[in-house]
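This report refers to the structure that appears directly beneath it.
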Amino acid sequence: MFLDSLVILGQAFSITLPILISGLFFIASMKLRWLTSLNKPIDFGLTLGKAPLFGPNKNWRGAFFYIFGGTLVTVLLHLAQPSQPWISVVFSNDPYLLGLLACSAYVLGELINSFIKRRLRIAPGSQGNLIQRFFDNTDGALAMGFVLIFGYGMQLSLLLISFAISLVIHASTDVLMRRLKLKSK
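No gaps in the numbering here: position 10 of the sequence shown is 398 in my numbering, and each next residue is one more.
Structure, rendered in structure tokens:
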């Protein structure tokens, strides 16, 4: 029973790895100034109602690390999955398609949240009320979850455990980014 619980916890954690690892590399890229040529806003500076579509913090470098880095991690998890019970069975699927769909959904979730925040006149990098802070910490994970449930038939219970883990991870990476002076409070 205890070992079964650990395996389920490991599987839930494995679901977070493509975004966690690519996110850590993205943080390193900001600190070490890797791929600065990609550090251009995804919205190309376009506005809607005198407000940016997404804002300057949503850039091509982030999309690159999350989509391509996350897909690479997905491929590695796919290769290890047959012999590792702690890796979710979702990684037995075509890793390129899974990685591109799930990680692109993560980025899309972040973009949708930024778009809404700009319409609400919440400044880039800042947080709104309690509900907005919740979505700031869950936007990408929610979008990725839709792909995993509806595209890959993932069990809701496993996804909810993964979601809880992702909340802790997101809060931890926010602390890391503040300590590295990459994000303001």
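No residue lacks a Cβ here, since even glycine has one placed at the ideal position from N, Cα and C.
Exercise. Can at least three beta-carbon pairs, one atom from the region 410-424 and one from the region 541-548, be found at a separation below 8 Å?
Worked result: In the pairwise beta carbon analysis, the region 410-424 is classified as not touching the region 541-548: fewer than three pairs are separated by under 8 Å.
Exercise. Contact check, Ile430 vs Ala451 under 8 Å by CB: the rounded distance?
Worked result: 6 Å
Exercise. Along the chain, where does the alpha helix (DSSP H) that runs through Pro483 open and close?
Worked result: Pro483 to Arg507
Exercise. Looking at C-beta atoms only, is the number of pairs between the region 449-465 and the region 507-518 that lie closer than 8 Å three or more?
Worked result: no
Exercise. Is Asn447 helix, strand or coil when you go by DSSP?
Worked result: strand
Exercise. Residues bridged to Pro429 by DSSP?
Worked result: Asn447
For this session: Measure the Cβ-Cβ separation of Phe453 and Phe414 and say whether it is below 8 Å.
Result: yes
Problem set entry | Minimum C-alpha distance to Ala559 - residue among Arg509, Pro473 and Leu408 | Leu408
Exercise. If you compare alpha carbons, which of Ile475, Ile537 and Ser502 is closest to Leu441?
Worked result: Ser502
Problem set entry | Per DSSP, cross-strand counterpart(s) of Thr462 | DSSP lists no partner for Thr462.
Exercise. Hey, out of Arg521, Val477 and Asp527, whose CA is closest to Gly497's CA?
Worked result: Measuring from the Cα of Gly497, the nearest candidate turns out to be Asp527.
Exercise. Taking Cβ positions, are Ile455 and Val495 nearer each other than 8 Å?
Worked result: yes
For this session: Confirm, please, whether the CB-CB distance from Gly411 to Thr561 is below 8 Å.
Result: yes
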